[in-house]
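K.L.:
Numbering (this note's numbering), first residue to last: 22 to 188.
Glycine is no exception: its CB is placed at the ideal position from the N, C-alpha and C atoms.
1. Span of the alpha helix (DSSP H) holding residue 20?
2. Note down, in chain order, each residue of its chain lying with its Cβ closer than 8 Å to the Cβ of residue 79, except the 5 sequence neighbours on either side.
3. Under the rule that 16 or more other beta-carbon atoms within 10 Å means buried, what is residue 128, buried or exposed?
4. Suppose the cutoff is 7 Å on Cβ atoms and the five residues either side in sequence are ignored; what does the same chain contact list for residue 62 look like?
5. Could I get the ranges of all uninterrupted alpha helix (DSSP H) runs contained in the segment 47 to 90, with 4 residues as the minimum, in chain order?
6. Please state whether the Cβ-Cβ distance between residue 93 and residue 70 is less than 8 Å.
7. Going by the CB atoms, is the gap between residue 45 and residue 81 shorter than 8 Å?
8. Looking at the structure shown, is residue 148 part of a helix, part of a strand, or coil, going by DSSP?
9. Run the CB neighbour count on residue 107, radius 10 Å, all protein chains shown included, and call it buried at 16 or more, exposed below.
10. To which residues of the same chain is residue 40 closer than 6 Å at the C-beta, ignoring the five residues directly before and after it?
11. What is the DSSP secondary structure of residue 100, counted as helix, strand or coil?
12. From 66, 77 and 133, pick the residue whose C-alpha is nearest to that of residue 57; which is it?
13. Which class does residue 112 belong to by DSSP, given the choice of helix, strand or coil?
14. Consult DSSP for residue 40 and reduce its assignment to one of helix, strand or coil.
15. Return yes when the Cβ of residue 140 is within less than 8 Å of the Cβ of residue 52, no when it is not.
16. Is residue 136 closer than 8 Å to residue 55 when the C-beta atoms are compared?
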C-alpha cells in the first residue's frame, strides 16, 4: 500500500508501508524462531501446514474477529499478499484451524503470544473472558432479547467505569 504525504511546502512524498497484518505475521514468525518452536509437531506430520503457519493463522483470525468459516472463505481468499507472506501453497479448510486449536498445547500458544507481546511492547491487552475471541457486540438480536439485556449499553458502562479507575 502506497501512502502519499503532502508536506507544508506542497511537495508530495510517497512511502510504502506494510499492512499491519503482514507485520504481525512476520513478528509471530520471529517469535516462533526465538522460542525454538519446531516447524512440525511430529516427524510423521502431513506437512501441509507448519505449526508457525497455524499459530499465525489463529492469531490473525482472532485479530480480524471472524469465525473460522468467514476467515478462510471470505478473508484469506482476498488477501493474496498475506497468504504469500504466510507461505501457504493452498488455503486451509476452516476445520483445519479449529482442529489445530483443539490439539495444540495451551502452553505453546501462551509462550508464543507472550513473546509476541514482549516483542511488540504492547502496553495494554484487551481480552474476552468467554475465550471465544469475539467481543460482546457480536451477539445476535435474538440472544440479547432472550437474556433481557442490552449488551451495547452495558459495554459502554464498563468502558466508562474503566476510564474512571484509570484516570
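P.N.:
Once the coordinates are examined:
1. A query on residue 20 cannot be resolved here, the shown segment of the chain reaching from 22 to 188 and no further.
2. Residue numbering aside, residue 79 sits at position 58 when the chain shown is read from its first letter. The residues are 118, 121, 122 and 130.
3. As a working note, residue 128 is residue 107 in the chain shown. So residue 128 ends up on the exposed side.
4. Counting from one through the chain shown, the residue named residue 62 turns up at place 41. 72.
5. 72 to 85
6. Within the chain shown, residue 93 is the residue found at index 72, counting from 1. Within the chain shown, residue 70 is the residue found at index 49, counting from 1. Their beta carbons are not under 8 Å apart, which means residue 93 does not touch residue 70 by this criterion.
7. Numbered from 1 along the chain shown, position 60 holds the residue referred to as residue 81. Numbered from 1 along the chain shown, position 24 holds the residue referred to as residue 45. Yes. Within cutoff.
8. Position 127 of the chain shown holds residue 148. Model confidence at residue 148 stands at a pLDDT of 49, short of 50, so the residue's coordinates are unreliable; what they give is reported in the following sentence. DSSP places residue 148 in coil when its eight states are reduced to three.
9. On the chain shown, residue 107 is found 86 positions in, with the first residue counted as 1. Classification of residue 107: buried, given that the 10 Å Cβ count is 16 or more.
10. Here residue 40 refers to the residue found at position 19 when the chain shown is read from its first residue. Result list for residue 40: empty, nothing under 6 Å.
11. Within the chain shown, the letter at position 79 stands for residue 100. Three-state result, residue 100: coil.
12. Along the chain shown, read from residue 1 onward, the residue named residue 57 stands at position 36. Nearest option by C-alpha distance: 133.
13. Taking the first residue of the chain shown as position 1, residue 112 is located at position 91. Residue 112 falls in the coil class under three-state DSSP.
14. Stepping through the chain shown from its first residue, residue 40 is reached at position 19. Coil at residue 40, not helix or strand.
15. On the chain shown, residue 52 is found 31 positions in, with the first residue counted as 1. On the chain shown, residue 140 is found 119 positions in, with the first residue counted as 1. In contact: residue 52 and residue 140 (Cβ atoms closer than 8 Å).
16. For the purposes of this step, residue 55 is taken as the residue at position 34 of the chain shown. For the purposes of this step, residue 136 is taken as the residue at position 115 of the chain shown. Against a cut-off of 8 Å, the Cβ pair of residue 136 and residue 55 comes out as a contact.
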